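Here the sequence shown is numbered in the working numbering, starting from 81 and rising by one per residue. Beta carbons are placed, not taken as given, at the ideal position from N, Cα and C, and that holds for glycine. All of these numbers come straight from a predicted model, not from anything done at the bench. Presented below is the structure to which this report refers.
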Amino acid sequence: MTRVSKSTRKTYNTKSNKYRNVKVPGNNVRIKKIKKKGRILSKKKCFISQKINRFTSKKKKSLNRPFGDKIHHSVLKKIIILRSFNLKANKKICLFKYNILQTKK
């Protein structure tokens, strides 16, 4: 690969200014601008706490929880309840299937 310079004025390697070398027909190398990826939904960002914490100091915003990180407590409560409900439902289904298998033998 040959070295290719950026054609823009901004040459710093920041989050919004990423490039990749790409081979094009004719044995040439060009640069391709990489777009920023969208927000991943698996990362838990709580919009309730963002609205509440907008005017609070940084010292009061930080939390140290073993589970849930920086989610608002009401949202975290819902997540825990839903997870436990799903676990109980799965256990019942497994027991039901196991009982059916035992009765067939």
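Please report how far the alpha carbon of T94 lies from the alpha carbon of L167, in whole angstroms. By one-based count along the sequence shown, residue 94 stands at place 14. By one-based count along the sequence shown, residue 167 stands at place 87. Approximately 43 Å between the Cα atoms of the pair.
What number of angstroms, rounded off, separates the C-alpha of S87 from the C-alpha of I111? One-based indexing of the sequence shown puts residue 87 at position 7. One-based indexing of the sequence shown puts residue 111 at position 31. Taking the straight line joining both Cα atoms gives about 9 Å.
Please state if the CB of C126 and the CB of I191 are separated by a distance shorter than 8 Å. This structure leaves residue 191 out entirely; the chain is present only between 81 and 185.
Residue of T183, L156, S137 and R83 minimising C-alpha distance to V109: Position 29 of the sequence shown, counted from the first residue, corresponds to residue 109. With respect to the C-alpha of V109, the residue from T183, L156, S137 and R83 having the closest C-alpha is R83.
Span separating the alpha-carbon of N107 from that of R100: Against the sequence shown, residue 107 aligns to sequence position 27. Against the sequence shown, residue 100 aligns to sequence position 20. Those two C-alpha atoms are separated by around 16 Å.
Would you list the residues sitting across from Y99 in a DSSP beta bridge? As a working note, residue 99 is residue 19 in the sequence shown. Beta-bridge pairing links Y99 to K113.
What would DSSP say about N108, mapped onto helix, strand or coil? In the sequence shown, counting from the first residue as 1, residue 108 sits at position 28. Under the three-state reduction of DSSP output, N108 falls in the strand class.
Residue of K138, N133 and T183 minimising C-alpha distance to H153: Position 73 of the sequence shown holds residue 153. Ranking the options by Cα distance to H153, first place goes to N133.
Separation of V155 from S85, as counted between CA atoms: As a first step, residue 85 is located in the sequence shown; it is residue number 5 there, counting from the start. As a first step, residue 155 is located in the sequence shown; it is residue number 75 there, counting from the start. Rounded to the nearest angstrom, the two C-alpha atoms are 48 Å apart.
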